[in-house]
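Encoded as structure tokens, the structure appears first; notes follow it.
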Amino acid sequence: MSGHGYESGRLNLPFVGISTFGKSPYQPDWDAIEADVAILGAPFDFGTQWRSGARFGPRGIREASTLFSFGHGGAYDHEDDITYLPADKVRMVDLGDADIIHTDTVQSHANIEFGVRKILAAGALPVVLGGDHSINIPCINAFEGQEPIHIVQIDAHLDFVDERHGVRHGHGNPMRRAAEKPYVTGLSQIGIRNVSSTAKEGYDDARAMGSDILSVRQFRKLGVDAVLDRIPEGVRYYVTIDIDGFDPSIAPGTGTPSHGGFLYYEVLELLDGLARRGDVVGMDLVEVAPDYDHSGSTTILAAQILMNAIGRILHHRAG
1 MSGHGYESGR LNLPFVGIST FGKSPYQPDW DAIEADVAIL GAPFDFGTQW RSGARFGPRG
61 IREASTLFSF GHGGAYDHED DITYLPADKV RMVDLGDADI IHTDTVQSHA NIEFGVRKIL
121 AAGALPVVLG GDHSINIPCI NAFEGQEPIH IVQIDAHLDF VDERHGVRHG HGNPMRRAAE
181 KPYVTGLSQI GIRNVSSTAK EGYDDARAMG SDILSVRQFR KLGVDAVLDR IPEGVRYYVT
241 IDIDGFDPSI APGTGTPSHG GFLYYEVLEL LDGLARRGDV VGMDLVEVAP DYDHSGSTTI
301 LAAQILMNAI GRILHHRAG
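Sequential numbering of the sequence shown, starting at 1, is according to UniProt numbering.
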């Protein structure tokens with residue numbers, strides 16, 4: 001039975017102490033990662049095409065995540081009758097941030113890739129806090145030499161631009177760069193809607209390169225179970241979540257909001273289904289820009305979906 005954090009003699013309320021993710025232990029030594037899950041910040045937003053500010057996403061998500069650290073020895077969900085993230089069974093650490101060099105995309109991305117490789121070498125689940133969506137490029141690069149992965153993207157935008165004015169590593173390019181990898185077996189791109197930075201040719205290329213593209217309306221018409229049936233079963237998944245996949249009514253704090261997005265439980269049920277169907281081996285959540293949301297609802301949503309997703313991934317993996 002998980003012990004209660006209050007037994008240590010300190011109340012340690014969410015607004016007290018250092019804001020690591022979920023108040024998990026800080027591990028500055030990336031050669032000594034002993035954990036099931038390792039959190040890495042990637043505060044890079046030089047890839048944005050409109051409003052910047054996602055460099056403050058990791059800090060905002062970490063602070064919001066303390067809301068879910070009341071010391072109960074895990075998170076009990078009465079609907080599932082399951083205690084997720086039991087403190088006596090799950091080891092989660094926060095590695096801090098990859099070093100970002102202002103205006104230097106190549107070296108900044110290399111530093112992010114280095115951190116993800118360290119997590120994979122330690123046998124932990126990498127969960128990367130962005131940053132703009134270009135940080136997915138080094139995250140996927142880090143899986144070179146690993147077993148193949150299928151990418152599940154939750155996003156308003158396709159992000160399948162090949163090159164524009166010489167730019168190949170911005171936040172409009174990551175899914176194109178991923179599809180080019182021999183160890184990426186396919187992509188499920190879910191939530192895509194409205195005006196996109198990707199032109200029609202990009203959609204044609206995406207489908208030709210193995211992408212299955214669904215809008216929010218198509219997702220709702222099919223239902224979560226039918227959508228899951230379209231995703232390969234029993235494989236390794238990498239999940240990338242752009243916060244603008246959610247509707248801006250609940251996630252206004254992002255650089256490129258797009259109306260008509262997902263609600264919380266739609267995404268949670270999709271992630272829970274993925275964790276039941278295969279093995280989620282990596283995640284990133286990107287494009288949270290706290291300065292556009294003074295209520296803090298976007299960072300809270302980001303922290304909540306990550307905490308719940310991590311809990312379900314580890315629970316179904318153990319089961």
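Backbone N, C-alpha and C fix where the C-beta goes; we use that ideal spot for every residue, glycine too.
Nearest candidate by alpha-carbon position, reference residue i, set the options
i, options, result
"R277", "L222, Y238 and H169", "Y238"
"G255", "A156, A42 and G234", "A156"
"I250", "L222, P290 and V280", "P290"
"G53", "M283, V235 and G130", "G130"
"A318", "V90, L40, V161 and S188", "V90"
DSSP state of residue i mapped onto helix, strand, coil
i, result
"G296", "coil"
"P126", "strand"
"M1", "Note that M1 scores a pLDDT of 45, beneath 50, so its modelled location is shaky; the value from the coordinates is reported in the next line. Correct three-state label for M1: coil."
"D162", "coil"
"A75", "strand"
"I192", "coil"
"M307", "helix"
"L214", "strand"
"residue 321", "The requested residue 321 is not part of the displayed model; the chain covers only 1 to 319."
"D272", "helix"
"H171", "coil"
"Q107", "helix"
"V280", "strand"
"I18", "coil"
"D88", "coil"
"G58", "The identity of residue 58 in the sequence shown is Pro, whereas the question assumes Gly. Here P58 sits in helix by DSSP."
Beta-carbon proximity check, residue i vs residue j, cutoff 8 Å
i, j, result
"F114", "G191", "no"
"residue 325", "L285", "For residue 325 there is no data in the structure shown, the boundaries of the chain being 1 and 319."
"G253", "Y203", "no"
"A206", "A179", "yes"
"T185", "L158", "no"
"I310", "V127", "yes"
"H171", "H109", "no"
"E144", "Y183", "yes"
For residue i, the residue or residues it bridges with in DSSP
i, result
"F246", "F262"
"V66", "Here residue 66 is Thr; the residue named in the question, Val, does not match the sequence. None, per the DSSP bridge assignment."
"L285", "L129 and I241"
"D94", "Y26 and I39"
"I112", "Bridge partners of I112: none, in fact."
"H150", "G186 and Y237"
"I82", "D77"
"T254", "V288"
Same chain, Cβ closer than 6 Å to residue i, neighbours up to 5 away in sequence not counted
i, result
"T83", "G74 and Y76"
"P25", "V93"
"I112", "A42, A98, I135 and P138"
"G64", "In the sequence under discussion, the amino acid at residue 64 is Ala, which differs from the Gly named in the question. Result list for A64: T299, I300 and A303, in chain order."
"V167", "none"
"N194", "S258"
Close Cβ partners of residue i (< 7 Å) along its chain, the five nearest in sequence each way excluded
i, result
"G60", "V288, P290 and T299"
"N141", "E113"
"R117", "A142"
8 Å CB neighbourhood of residue i in its chain, flanking five on each side removed
i, result
"W50", "G255 and T256"
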